[in-house]
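Student:
Numbering (the numbering used here), first residue to last: 91 to 512.
(1) Between which two residues does the beta strand (DSSP E) carrying residue 222 extend?
(2) Throw me the rounded Cβ distance for the residue 451 and residue 423 pair, which I believe falls under 8 Å.
(3) Among the residues of its own chain, which have a CB less than 7 Å from the CB of residue 322, if the five just before and after it don't count?
(4) My understanding is that residue 186 touches residue 213, with C-beta atoms under 8 Å, so please give their C-beta distance in whole angstroms.
(5) Can residue 191 and residue 244 be called in contact, C-beta distance under 8 Å?
(6) Have a look at the DSSP bridge pairing and note the partners of residue 416.
(7) Figure out for me which residue from 456, 504 and 492 has the closest Cα to the Cα of residue 31.
(8) With a CB to CB cut of under 6 Å and the five nearest residues on each side skipped, what residues in its chain are close to residue 491?
(9) Taking the alpha carbon of residue 429 as the point to measure from, which residue in 481, 440, 454 and 414 has its own alpha carbon closest?
(10) For my contact list, residue 257 and residue 241 are in at a C-beta cut-off of 8 Å; report their separation, rounded to the angstrom.
(11) Work out the CA separation of residue 410 and residue 446 for me, nearest whole Å.
(12) In this structure, how does DSSP classify residue 137 when only helix, strand and coil are distinguished?
(13) How big is the Cα-Cα spacing for residue 421 and residue 499?
(14) What is the C-beta distance between residue 135 and residue 182, in whole angstroms, given that I count them as a contact (C-beta under 8 Å)?
(15) DSSP three-state label for residue 393, please.
(16) Following the continuous beta strand (DSSP E) through residue 502, name the residue where it begins and the one where it ends.
(17) For residue 255, is the classification buried or exposed, using 16 other Cβ atoms within 10 angstroms of its Cβ as the cut-off for buried?
(18) What did DSSP end up calling residue 457 once you bin it into helix, strand or coil?
(19) Report buried or exposed for residue 301, applying the criterion of at least 16 other Cβ atoms within 10 angstroms of its Cβ.
(20) For residue 437 and residue 398, I'd like the C-alpha separation in whole angstroms.
(21) Pick from 199, 175 and 293: whose alpha carbon is nearest that of residue 129?
(22) Residues in its own chain within less than 8 Å of residue 486 by CB, not counting five upstream and five downstream?
(23) Candidates 493, 298, 383 and 211: which alpha carbon is nearest residue 189's?
(24) Since residue 436 is in the beta strand (DSSP E), which residue starts that stretch and which ends it?
(25) May I have the straight-line CA-CA distance separating residue 353 from residue 293, to the nearest angstrom?
(26) Check whether the Cβ of residue 210 sits closer than 7 Å to any heavy atom of the ligand ZN, and report yes or no.
(27) Considering only DSSP beta bridges, list what residue 449 is partnered with.
(28) If residue 484 sits next to residue 502, beta carbons under 8 Å apart, how far is it from one beta carbon to the other, in whole angstroms?
(29) Sorted by chain position, which residues of the same chain lie with C-beta nearer than 7 Å to residue 395's C-beta, five sequence neighbours on each side aside?
(30) Taking its Cβ as the centre, do 16 or more other Cβ atoms sit within 10 Å of residue 141, making it buried, or is it exposed?
(31) Within the continuous beta strand (DSSP E) that includes residue 163, where are the two ends?
(32) Quick one: give me the first and last residue of the beta strand (DSSP E) that residue 486 is part of.
(33) Spell out the partners DSSP gives residue 398 in its beta bridges.
(34) Measuring CA to CA, which of 169, 178 and 127 is closest to residue 221?
(35) Would you check if the distance between the CB atom of residue 195 and the CB atom of residue 236 is smaller than 8 Å?
(36) Do you know whose CA, among 481, 283, 413 and 405, lies nearest residue 379's CA?
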């Protein structure tokens, strides 16, 4: 007895699985040798329905029919005309059916009954399964015509209602069985197509997820390494100069280089932890946010630039938006340090207006005689800022100021998605 705790579905029964494997093997063999199954059907029909008629009667040369006695050659001819078209039942189902129906009509016009007449219903089943439904309508009309002829001939020795009922049931069974198998095959084909489509969609989602993760990691790596290396380079240049004129300032620069390097290493470890396959030890260190922007400005001040920072309004608490804000400010200040030098002055402002966070980072441009750092030309920093802003329905605008400096203006929308204006 089956229980809810220990279900044993019928389809998992060993016998069912065994027959399922046999069915799959037969289908593979049929695809490899399609004529084999049709030949087997013809041979089976001959053994079951033709041999009994050939062995019945007064001898091998003459057969006694139900109504008339016909020569053995005529019987064999009728049987061949009924059975052999079944070889075409799948490749040309309409042709096979018409040929069988024609022989069926000729046979009954001579008042001859043969067990091989069952071939008409086999041909009708095959046409229902393998041909178009429009042709099935024509086949039904032909079937009604030839069966009417048979009923008329049989009416001399049997009750018409009984014979008509039997023939209608046989015809209905052949058509119904063909339709059931046809619908089942269509459903299985649709399921296979759907499974293949889902497999493709799953692979596409996986590739998109990988690409998105790579882009995210690339942004983080660029922001972390670009910012910290720029600060370290400026501190190292300043320390090399200060070691000759002010050793204390040189020692301070080396200390800041160490702190900046350690912070870069921690940020790098935090970012790479997202790529670990083993999640047994989760990374619990927080990502930087708006509260860390002031410390970010301090590190840039240590590298030389004068940085002012102000906020206005109630800043959002969303951690993702805070991280995006921090990285955008970090990238903008890094670009200011690289292209405007340590003697520039930068202004950072965060302002909230109508559930939109406005970020502005503006510098006064390079001092006279400063050689800007060589531009790699890849534009990853600006691309990263725009991608981060796009996650929150925001925009990034950059350009030169009237004083010759550079400004980066960003707007991020932290309203719920359904409240955002199109």
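Built from N, CA and C at the ideal position, the CB exists for glycine as well.
Tutor: Taking the geometry as given:
(1) Neither: residue 222 is in no beta strand (DSSP E) and is coded neither H nor E.
(2) About 6 Å separates the beta carbon of residue 451 from that of residue 423, a gap short enough to meet the 8 Å contact definition.
(3) Hits under 7 Å: 347, 350 and 351.
(4) Here residue 186 really is in contact with residue 213; their C-beta atoms are around 5 Å apart, less than 8 Å.
(5) 8 Å or more divides the Cβ of residue 191 from the Cβ of residue 244.
(6) The partner list for residue 416 (beta bridge, DSSP) is empty, contrary to what the question assumes.
(7) Here the chain covers residues 91 to 512 and nothing more, so residue 31 does not appear.
(8) 497, listed in sequence order.
(9) It is 454 whose Cα lies nearest to the Cα of residue 429.
(10) About 7 Å separates the two Cβ atoms, so the contact holds.
(11) When rounded, the distance between both Cα atoms is 15 Å.
(12) Helix, per DSSP.
(13) Using only the alpha carbons, I get a separation of about 12 Å.
(14) So it is not a contact: roughly 18 Å between Cβ atoms.
(15) In the three-state scheme derived from DSSP, where H, G and I count as helix and E and B as strand, residue 393 is classed as coil.
(16) It spans 496-503 - the beta strand (DSSP E) in which residue 502 sits, taken as one unbroken run.
(17) The residue is exposed, with fewer than 16 neighbouring Cβ atoms inside 10 Å.
(18) In this structure, residue 457 counts as coil in the three-state DSSP scheme.
(19) With fewer than 16 other Cβ atoms within 10 Å, it is exposed.
(20) Taking C-alpha positions only, residue 437 is separated from residue 398 by approximately 5 Å.
(21) Ranking 199, 175 and 293 by Cα distance to residue 129 puts 175 first.
(22) Within the same chain, residue 486 has close Cβ partners 418, 472, 475, 476, 479, 498, 499 and 500.
(23) That would be 211, whose Cα lies nearest to the Cα of residue 189.
(24) Counting along the chain, residue 436 sits inside the beta strand (DSSP E) bounded by residues 435-443.
(25) Straight-line Cα distance between these residues: approximately 37 Å.
(26) The ligand ZN is not part of the structure shown, which contains no ligands of any sort.
(27) According to DSSP, residue 449 bridges with 440 and 500.
(28) The beta carbons of residue 484 and residue 502 sit about 4 Å from each other, so the pair counts as a contact at 8 Å.
(29) Counting only Cβ-Cβ distances below 7 Å, and skipping sequence neighbours, we find 426, 427, 432, 434, 435 and 436.
(30) Label assigned to residue 141: exposed.
(31) That residue, residue 163, is in no beta strand (DSSP E); its alpha helix (DSSP H) goes 162-173.
(32) Residue 486 -> beta strand (DSSP E) spans 485-490.
(33) Paired residues: 437.
(34) Put simply, of 169, 178 and 127 the residue whose alpha carbon is nearest the alpha carbon of residue 221 is 178.
(35) Note that the C-beta distance between residue 195 and residue 236 is below 8 Å.
(36) Of the listed residues, the one whose Cα sits closest to residue 379 is 413.
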